[in-house]
Amino acid sequence: MDAIEMLRRLVAFDTTSRNSNLDLIDFVRSYLAGHGVDSELVFDHGGAKANLYATLGPKTAGGVILSGHTDVVPVDDQDWDTDPWTVTEQHGRLYGRGTCDMKGFVACCLALVPEFLERGLREPIHLAFSYDEEVGCLGVHGLIAHVLAHHPKPRLCLVGEPSMMQVVDAHKGIRSFVTTVTGLEAHSSATHIGVNAIMVAADLIRFLAGLGDELKARGDATGRFTPPFTTLSVGTIHGGTAVNIIPRHCQFVWEYRSLPGTDADEPIRRFEEHVRTKVLPAMEEKAPGIAAVTTMPRSITPALSPDPGSAAETLAKALAGVNDTLAVSYATEAGIFQVHGIPTVICGPGDILQAHRPNEFVAIEQMDACVTFLRKLADRVCVN
Ligand SMILES: [Zn+2]
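Counting in the UniProt record's numbering, the sequence shown runs from 1 upward without gaps.
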């Protein structure tokens with residue numbers, strides 16, 4: 001099966017992150033089994049989703065991880081010209097949800113499996129396909145933990161997120177949180193007894209805005225990022241029931257995206273300190289034992305830090321035939337592999353500008369470039 005046919009098969013599975021990805025995983029597992037390759041599945045808590053890890057070649061230490069996610073973002077409320085779950089070829093482009101982000105890369109890896117095996121691997125190639133990347137890189141943590149617990153550490157990792165086959169060695173990290181404010185309900189005329197959860201939340205958000213301004217003013221010494229600073233944003237807010245009731249409840253979801261090499265704990269630490277020293281004491285005066293502000297982490301995606309001369313960077317540059325590396329503004333699973341001590345860079349087919357949009361596509365030329373990249377990898381890790 002060539003890469004484009006493989007892509008057709010993968011896109012046909014609606015693996016929107018809210019759905020199970022097991023049909024796709026079963027398909028990949030039986031495809032690999034057909035080539036004599038065993039797969040290891042690492043399930044989520046509910047058992048409805050799984051990561052897949054498979055090793056081609058010798059079960060020795062080292063090896064190259066080819067990593068991709070199996071989930072895609074929703075097509076809800078998007079105006080598509082074609083069926084998003086059917087790959088449609090037009091003017092050298094393959095349209096469909098996930099073609100670019102990032103079933104194109106996964107398809108190229110799978111299509112090359114027979115070639116890797118026939119040429120005889122001297123060093124293992126590991127396929128690492130995760131779930132729930134698009135909702136905060138949730139699945140890959142279990143995958144990496146499984147690999148490090150049961151196998152010798154791989155030598156390096158290539159994450160095939162869309163980069164137009166350029167080598168990306170840096171991205172920002174993301175932390176997201178849910179903050180819940182619990183106040184004290186009262187008639188809206190009785191502001192002297194009620195604790196207004198929405199107004200407390202507004203105070204907290206004003207604090208975050210100030211923090212965001214401060215992070216912006218610090219800028220980016222490397223000059224590689226757009227925008228050139230750590231960003232902070234509140235995404236949703238819910239609270240209150242009626243205008244004449246002092247609201248008891250307000251919840252907001254927020255995130256920040258830190259530049260690599262900066263203290264990613266600082267914003268949450270300062271937020272918690274503000275809550276503890278300034279906000280809570282005032283609330284507790286009126287509602288002791290009831291008033292509360294709790295902040296729960298939603299997701300943690302570490303930044304990818306440049307690691308010049310790393311095994312991953314050196315290999316990817318040689319395979320892609322490029323001399324430079326890029327920094328990108330989107331986040332990936334790459335930083336998670338890196339914090340576990342596995343040198344990692346990003347290189348994959350397609351343009352991130354096409355991702356997450358209606359009429360997502362990958363250019364056939366990009367698929368070809370990825371196949372060429374993987375064949376060059378075979379030249380390095382195979383006997384023949
Ligand atoms: Zn992606």
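Positions of the beta carbon are idealized from the N, C-alpha and C atoms, including for glycine.
Self-check item: Of the listed residues E272, L117 and P114, nearest to V293 (C-alpha basis)
Solution: As a working mapping, residue 293 is identified with position 293 in the sequence shown. Nearest of E272, L117 and P114 to V293, Cα basis: E272.
Self-check item: Opposing strand residues paired with residue 436 [DSSP bridges]
Solution: Within the shown structure, residues of the chain are numbered from 1 to 384, placing residue 436 beyond reach of any answer.
Quiz item: Looking at M102 and ligand 1, is the gap between the Cβ and the nearest heavy atom below 8 Å?
Solution: Position 102 of the sequence shown, counting from 1, holds the residue named residue 102. Yes; taking the cut-off as 8 Å, the Cβ of M102 has a heavy atom of ligand 1 nearer than that.
Quiz item: Is the closest heavy atom of ligand 1 to the C-beta of A186 under 8 Å?
Solution: As a working note, residue 186 is residue 186 in the sequence shown. No - ligand 1 has no heavy atom lying nearer than 8 Å to the Cβ of A186.
Quiz item: Can you tell which of D26, H35, P84 and G104 has the C-alpha that lies nearest to the C-alpha of L374?
Solution: Residue mapping note: residue 374 aligns to position 374 of the sequence shown, counting from 1. Comparing Cα-Cα distances from L374 to each of D26, H35, P84 and G104, the minimum goes to G104.
Quiz item: Who are the near neighbours of V371 in its chain, counting only those whose CB is closer than 8 Å to its CB and skipping five residues on each side?
Solution: By 1-based counting over the sequence shown, the position of residue 371 is 371. So the list reads A3, C108, A111 and L112, once near-sequence residues are dropped.
Quiz item: If I65 and A128 are in contact, beta carbons under 8 Å, what's the gap, nearest whole angstrom?
Solution: The sequence position of residue 65 within the sequence shown is 65, counting from 1. The sequence position of residue 128 within the sequence shown is 128, counting from 1. Contact flag correct, Cβ pair sits at about 5 Å.
Exercise. Count the other C-beta atoms from every protein chain shown that fall within 10 angstroms of the C-beta of K153, then say buried if there are 16 or more, exposed otherwise.
Key: Along the sequence shown, read from residue 1 onward, the residue named residue 153 stands at position 153. Under this definition K153 is an exposed residue.
Quiz item: Comparing the CB of A141 with every heavy atom of ligand 1, is any distance shorter than 8 Å?
Solution: Residue 141 sits at position 141 when you count from the first residue of the sequence shown. Residue identity check: residue 141 is His in the sequence provided, not Ala. Because no heavy atom of ligand 1 lies under 8 Å away, the Cβ of H141 does not count as near it: no.
Quiz item: Does any heavy atom of ligand 1 sit closer than 8 Å to the C-beta of A355?
Solution: Taking the first residue of the sequence shown as position 1, residue 355 is located at position 355. Flag set: Cβ of A355 near ligand 1.
Exercise. Please classify F225: does DSSP put it in a helix, a strand, or coil?
Key: For the purposes of this step, residue 225 is taken as residue 225 along the sequence shown, with counting starting at 1. F225 falls in the coil class under three-state DSSP.
Self-check item: Buried or exposed (CB count within 10 angstroms, at least 16 for buried), E161
Solution: Here residue 161 refers to the residue found at position 161 when the sequence shown is read from its first residue. Classification of E161: buried, given that the 10 Å Cβ count is 16 or more.
Exercise. Say yes only if the C-beta of H151 is nearer than 8 Å to one or more non-hydrogen atoms of ligand 1, and no if none qualify.
Key: To locate residue 151, count along the sequence shown from 1; it is residue 151. Not so, every heavy atom of ligand 1 lies at least 8 Å from the Cβ.
Quiz item: Around the C-beta of N384, are 16 or more other C-beta atoms found within 10 angstroms, so that it is buried, or is it exposed?
Solution: In the sequence shown, counting from the first residue as 1, residue 384 sits at position 384. Looking at its Cβ environment, which holds fewer than 16 other Cβ atoms inside 10 Å, N384 is exposed.
Practice problem: Kindly provide the ranges of any beta strand (DSSP E) runs that are 3 or more residues long and lie completely inside the segment 116 to 161, ordered along the chain. | Solution: 125 to 130 and 156 to 159
Exercise. Work out the CA separation of A311 and G92 for me, nearest whole Å.
Key: Here residue 92 refers to the residue found at position 92 of the sequence shown. Here residue 311 refers to the residue found at position 311 of the sequence shown. If I take the Cα positions, the gap works out to 34 Å.
Exercise. Specify the secondary structure class of E333 as computed by DSSP and reduced to three states.
Key: In the sequence shown, counting from the first residue as 1, residue 333 sits at position 333. E333 falls in the coil class under three-state DSSP.
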